[in-house]
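Chains as they are written, first to last, in our numbering: chain E, 86 to 272; chain U, 15 to 281; chain X, 6 to 738; chain A, 3 to 208.
See below for the structure under consideration.
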Amino acid sequence: MAKKLGFLVNIERCIGCHACEISCKSFYQLEPEMRRRRVTELPEDLVGTPVRAFVSTACNHCDEPACKNACPVGAYTKREDGIVVHNQELCIGCQMCGKACPYKVPVYNPVKRKMDKCSMCYERLDVGQLPICVEKCPLEAIQIVDYNEVQPENGVSIVPTFADPSITHPTTQFILPKPGKQTRRSS
Amino acid sequence: MHDMPLVIFTVLSQLAIGGFVTLWWIDQKSTIQRKTGLLISLSLVVIGGIAVLVSLFHLGHPFAAYRAILNIKVSWLSREVTFYGAFVGLSMLYSWFWIKDAASWRGMTGAVATILGILAIFSSAKIYMIPAIPAWNSMTTMFMFFLTSILLGPLFVGVFLIIRGELSMNLTAVVIVGFIAATVVMLVYFSGLQGGLPQAAESLRLAVGQLIFWVRLFTFIIAFAILAITAIGKQKQTGTIYTVVFVLILISEFLARLQFYETAVHL
Amino acid sequence: MLKESITRRNFIKGSASLTALLGLGAASSQAPKGLVPKAAAKTNGKVQQFYNACPRNCYDTCSILTTVEDGRITFITGNENNTYTKGRLCVKGNTYPRVVYSPDRIKYPMRQKGRGSGNWERISWGEAYTIISKKILEIKKEYGSTLPICLNKYSGNFNILNYATEGMMSSIGYTTRAQGTPCDPAGSDAQGFDMGVAYNSDPEHFLDADYIILWGANPAWTSAHSMYFIEQAKERGTKLVVIDPLITQTASKADEYIQIKASTDGALALGMIRYIFDHQLFDKNWVAENSIGFSEFFAYVNKNITVEWAAEKTGVPQAVIERLAREYATAKPANIWIGFGMQRHVNGGAMVRAIDALAAITGNIGKRGGGVNYIGGETWGFNYHTMSFGAPEGSGGEADRMVNMNNFGAQVLAADEPPIKMMWIACRNPIAQDPEPNVVKKAFDQMDLVVTADLYMTQTVEYSDIVLPVTTPFESVGINVSYWHYWMNVNEQAIKPLYEAKSDLEIAMGLSKKLNELAPGSCTFPTSGNPKEWVEKELNDEIKELFNIESWEDLRKKGGTAKANEKITVAWEDLKFRTPSGKYEFYSKKAVEYGHHPLPVFTEEYKAPKEYPIRCMSPHWKFGIHSQFQHQDWLMAIQDHPYLEINPELARKKGIQNNDIVKIINETGYMTLPAKLTKMVPPDTVVMYEGWWKGVNYTENITVKALAEDMGEYQKGQRGIAFHDNFVNIEKA
Amino acid sequence: MTENCNDKQQDRFELYQLLWHYYRGDLLNLTVREWATVTAFLSSKPTLSQNDWGAKAINLLETINNQSLETFPFDFNRLFVGPNKLLASPYESSYRNTEGTVMQTETLKVRNFYYHEGLQVDREGQHPDDHLQFELEFILHLIQLAEKKEILRLFLHNHLLKWYEAHCRRIEEHSQNVMTLAFAYLLRGFLQKETMLLKEEEAALC
């Protein structure tokens, strides 16, 4: 049976440090505005008590990628293992994939005048290495999971601010934070 | 404003297709002088061609645009490019048959080009009917694209024919029906946005907040009023009236399309 | 050389050659030589890897693996041989390629015509050395000593070889020094009185803790690699408690968060102690065997402290204090980490002593996984060879004169007989980072010459006469250890220094050479030397044994990083305290010597003045260390301006909405910045994160007064600054 | 080659040479009298005097006085040297990648050109190879060798002519001194001519 690789993002562990984002940028030498992975602040009242919570997202390597269907040149392919790869050679920079993706994943690189997105570091995976963001997260909050093999406990497909997963069936799953006990001063 | 090429492309291509179908239809039903027909069809080819050229500016790599037909199996954009490309090609051929004054050939190529044009608009609308952008994701997009064609095409052809005194059909009626339909679609569209996903409501909020929204409504209403009043009053419609209405509605549609792109809020 | 051949050909061919016309020779330019014939072996495509050490003032002090292609850094990541950082860097470390290759770097030695005018002219290193040397000699002649020369250097680069700057100063005679630390002084004194010195356990031992209290510490932002061990422990069932006035990123991860009124942490600790005494939960054997003064302390607590009082004082309900005390006292081992921020108050030292006492009475000190962890220096046993040359013969004065780094401006202005006339600033940005920046500027105004060595155009450089371009870690050699973890990291030279940048060591040698040229014998600092030889001289037998290495070169070959012997990684495991009594001292005569109460008693907090009722805290920021990193483009792309965190309740009272521009004001100064409404801060407090932002002409210190902490003289020579006792008012601007 | 053609070639050479001296910082300490010589020299070049930008540059240079000379080095440093954030970076990579970071791929491409000609920047790795000064020196090297015409054309086309306009724009935006402004106009005017020349050459090749 083919693989279904996806990210498992542990929000419970994520400290919103952006190291995933910046290490990816550094590894791929991306321009400052370009981010293949993006850390976003979540609402303060996410778990009931006020907390600082962040979620790190990249391409969701969807089961039904909207980018792939929107692309007029067929630059997108979904590999056997589920990774959605964008072939920049073919890209003509029409930006339709960026419009079609519910997660705004493909972004325009103004220098190359082509779209750019996370490839789950498939070149690294193919030689037995982990994606940069997975390897470089100081908290080990990002993992790669074969969802055909493993169904992580507590894994959910949606977090606030994240688009309806029924559109493209993203493979990314999240582990939501558990609320801690808080004793706050009353004013 | 980086979607400006798309605004221009969609409006002009829909104008060209609408005009073409009108010309072809009138040509089938009655007679148009060769010179007039040629003039109209050539001007439509020019507009259609400009639309293609402008659309290239939206690409990071315009010279690689030819590759855009590669993914025709799944991509509506590929289909749009293919159908529209074929339409422009056939409309040139169609003009050639005006030069040759080959009426039956004109009829046949025109029929094929009409189908291709309709398919092109259909594909064009389908590109934008995507869940990622709630304001776009409804049948109203489809209606709006076709209505642009119905409003602008007949008026464009009408202006030529009326000036040359060859207007043999009641195009005003077609356009008025178009206006009524457009009004209904607009209302459905706004209420759809209002009652839709938060991003759709946000699109409406953004649109209404811009001055051009009101300019668009104003030009639309004025154009509609001029045409309706002159039609009801049985007053003879002149080239000037047609031209004014056409220009107003072109501005109106252009602004509407601009807002369509600029106020699109992503999920 | 090709350039010359071009020029020669020009002369031949060009009849009206401009070069000839204007008599422009190679000598008239400071430009680099230009193009030369290519070395035969040169090709592109060569890939190398080097070990580097992040030398910034940070708990984590990472070991770095640098990839260099064609002499250019292409990727920087953590060194996997290090089990603390585990091959990962924090967000700031990941931006190092930008730090090195930013076009904003200072490239050449330059002189400013008119301090603060922005009119800079380029000078050569030779000219820079000459100007500085002449000034030094002139001062020495006029005042009979070098005391009018003041050094202000601190934590911008903790590479051991960077102490060459201090060495250079010692080598010209006795000078004035900015002494102390803005960082940890009160807490370090407190631990010094209690245990002899501040000494923390290996942070990797968080894994062995049964209970962790992070007391005013925010490792999620300031020590991401420690946070990993804490999260691992949590996952294994360790309870994580965070006590903080703010809901920090770390507090957001806690099993239990307790919001305390700022500057009352001592009351909470004493309240817990009272409960523990009342319920016989303390370790009688431990205190009997390992401490002195316990009975006095016991009596003090029973007489003066109640849990009700603590609840009243701290704003933490009595039931919570009692539960916390019981949980802490019964967990074995229980670990406390005291953050530096917690002691930046006028009663900071006393608070740390109270928390130490809590750990001591429960017998948690000296246990693996336990302890009261604050800071440590066990691995810093270098030779500091660069500082060993001594004053030259015949230099005036008897010893260096100290001014408090934390009240630098005022003390420089007050210095007399002789006054301070010249300043050398390295590894620091005092105008941005010191309290009362306007006073610091006044002190600068009094100088004849201000020399600053830096990487970027900071506010301090803007206000200097001469700027010297310095190297990044990747362009020089060095060695680093941490004040928190137990690793030693090699720093190799990975690339050539860009432009004309030099390391502090090279600058010291260069200046010494010039001084000796102008006045032989005027500087004892060596005038030449290979940096690798210099770094080898830092290692002595003890440190080599501690890290089980033979040399710097050996450490490099062994993977660039080494951990100290296990035997020192559990603080006070041998229970031999370095106090005068050799025991844990609840009753400290040393404290009395320094004018404090002998016992860990409660000291009142600083009270807000009526006109300025709102506390403005300035904790560390996740995209910067003091004034470093935040200004880099990659980080600016994430957050490009500072903001003020305000509780929605306070904002409502003041009519402030999200993103409104807010004016913060007190008697020291004012600034305006956008508001961010958030429940993360209590309604009586606003928060502005520390940092230097590109294009922003103020820092969080504009309103900070040079208000002293209660302690600091014993361990650091000077008291610290109560940065968090900064009271302001706010209004919508 | 005709005499005329030789003259043109000589003019090109001398203008590149002047710009090279300028970016090396050689002209920072000239006197008013020496500047008059330079201005006269420039006015004698038809390439410049007949070009809008060139003429503007010459006009500006004619207004030089002691005051403008005094602030000239400061402005030059603000634009190209530091210690502040450079207002008009003289490095090609600052314009060719969006973050303006030096020593990137663009720098390597320039370096490869030098290598191809058996050259490298002195103390390579310390000064980014794509500083305008080095690029101009490289052009000076190529321009005098007839057999290097194609390399020169490629280098100009792939490098200097790709970024000089952006560079000039930044100078024009930030310049506070007539000298630096004049040289921005000069660079722009002269390189516009060079662009046209290349196009003519290309057309001739076709």
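From the three backbone atoms N, C-alpha and C, an ideal C-beta is built for every residue, glycine too.
This one's a predicted model, so the numbers in the text were calculated from it and none came from an experiment.
Need the endpoints of the alpha helix (DSSP H) that residue i sits in, please.
{"i": "C74 (chain E)", "result": "Past the boundaries of the shown model lies residue 74 (chain E); chain E is included only from 86 to 272, so the question cannot be answered."}
{"i": "A548 (chain X)", "result": "It should be pointed out that residue 548 (chain X) corresponds to Ile in this sequence rather than to Ala. Taken as a continuous stretch (DSSP letters only), the alpha helix (DSSP H) holding I548 (chain X) covers D546 to F552."}
{"i": "Y97 (chain A)", "result": "S95 to R98"}
{"i": "G271 (chain X)", "result": "D270 to D283"}
{"i": "F234 (chain U)", "result": "L225 to I246"}
{"i": "R358 (chain X)", "result": "G353 to I366"}
{"i": "A316 (chain X)", "result": "V312 to T319"}
{"i": "L53 (chain U)", "result": "R48 to L70"}
{"i": "L211 (chain U)", "result": "Per DSSP, L211 (chain U) belongs to no alpha helix (DSSP H) and is neither H nor E."}
{"i": "P75 (chain A)", "result": "N68 to F82"}
For the beta strand (DSSP E) holding residue i, just list the boundary residues, first then last.
{"i": "G344 (chain X)", "result": "Premise fails: G344 (chain X) is in no beta strand (DSSP E) and is neither H nor E."}
{"i": "R433 (chain X)", "result": "No beta strand (DSSP E) holds R433 (chain X); DSSP gives it neither H nor E."}
{"i": "P42 (chain X)", "result": "L40 to P42"}
{"i": "H636 (chain X)", "result": "No beta strand (DSSP E) holds H636 (chain X); DSSP gives it neither H nor E."}
{"i": "C621 (chain X)", "result": "I619 to M622"}
{"i": "H171 (chain E)", "result": "V169 to H171"}
{"i": "Q28 (chain U)", "result": "Looking at the DSSP string, Q28 (chain U) is not in any beta strand (DSSP E); the run it does join, the alpha helix (DSSP H), is M18 to K43."}
{"i": "D211 (chain E)", "result": "Here D211 (chain E) belongs to no beta strand (DSSP E); instead the alpha helix (DSSP H) covers Y207 to D211."}
{"i": "R171 (chain A)", "result": "Per DSSP, R171 (chain A) belongs to no beta strand (DSSP E); it is in the alpha helix (DSSP H), L163 to H176."}
With a 10 Å radius around its C-beta and 16 neighbouring C-beta atoms as the bar for buried, classify residue i as buried or exposed.
{"i": "L225 (chain U)", "result": "exposed"}
{"i": "P585 (chain X)", "result": "exposed"}
{"i": "H23 (chain A)", "result": "buried"}
{"i": "E610 (chain X)", "result": "buried"}
{"i": "T239 (chain U)", "result": "Looking at the sequence shown, residue 239 (chain U) is not Thr but Ala. Under this definition A239 (chain U) is an exposed residue."}
{"i": "I619 (chain X)", "result": "buried"}
{"i": "M200 (chain X)", "result": "buried"}
{"i": "V279 (chain U)", "result": "buried"}
{"i": "T181 (chain X)", "result": "buried"}
{"i": "R61 (chain X)", "result": "buried"}
{"i": "Y491 (chain X)", "result": "buried"}
{"i": "N95 (chain E)", "result": "buried"}
{"i": "D421 (chain X)", "result": "exposed"}
Just checking residue i against the ligand ADP - is the residue's beta carbon closer than 7 angstroms to any of the ligand's heavy atoms?
{"i": "N409 (chain X)", "result": "The model on display carries no ligand, and the ligand ADP is accordingly not part of it."}
Less than 8 angstroms between the C-beta atoms of residue i and residue j, yes or no?
{"i": "L503 (chain X)", "j": "F140 (chain A)", "result": "no"}
{"i": "C218 (chain E)", "j": "S111 (chain E)", "result": "no"}
{"i": "M493 (chain X)", "j": "F413 (chain X)", "result": "no"}
{"i": "T391 (chain X)", "j": "L166 (chain X)", "result": "yes"}
{"i": "I500 (chain X)", "j": "V52 (chain X)", "result": "no"}
{"i": "L30 (chain A)", "j": "F74 (chain A)", "result": "yes"}
{"i": "L161 (chain U)", "j": "A196 (chain U)", "result": "yes"}
Short of 7 angstroms in beta carbon distance, which residues of its chain neighbour residue i, apart from the five on each side in sequence? Order them along the chain.
{"i": "H133 (chain A)", "result": "P92 and Y93"}
{"i": "P102 (chain X)", "result": "I78 and I81"}
With a CB to CB cut of under 8 angstroms and the five nearest residues on each side skipped, what residues in its chain are close to residue i?
{"i": "I360 (chain X)", "result": "W220, D270, G271, A274, I341, I343 and V377"}
{"i": "E116 (chain E)", "result": "N194, P195 and V196"}
To which residues of the same chain is residue i closer than 6 angstroms at the C-beta, ignoring the five residues directly before and after it?
{"i": "F115 (chain A)", "result": "F157"}
**Request:** Only counting runs of 3 or more residues, tell me where the beta strand (DSSP E) segments fall wholly within the segment 109-149 of chain X, in order along the chain.
**Result:** 115-117 and 125-127
**Prompt:** Can you list, in chain order, the stretches of the alpha helix (DSSP H) that have 4 or more residues and sit fully within the segment 436-519 of chain X?
**Reply:** The qualifying runs are 442-450 and 464-467.
**Asked** Where in the segment 175-202 of chain U do unbroken runs of the beta strand (DSSP E), each at least 3 residues long, occur, reported from the N-terminal end onward?
**Response** none
**Request:** Any chance you could list the alpha helix (DSSP H) runs of at least 4 consecutive residues sitting entirely within the segment 5-59 of chain A, in chain order?
**Result:** 5-26, 34-45 and 48-51
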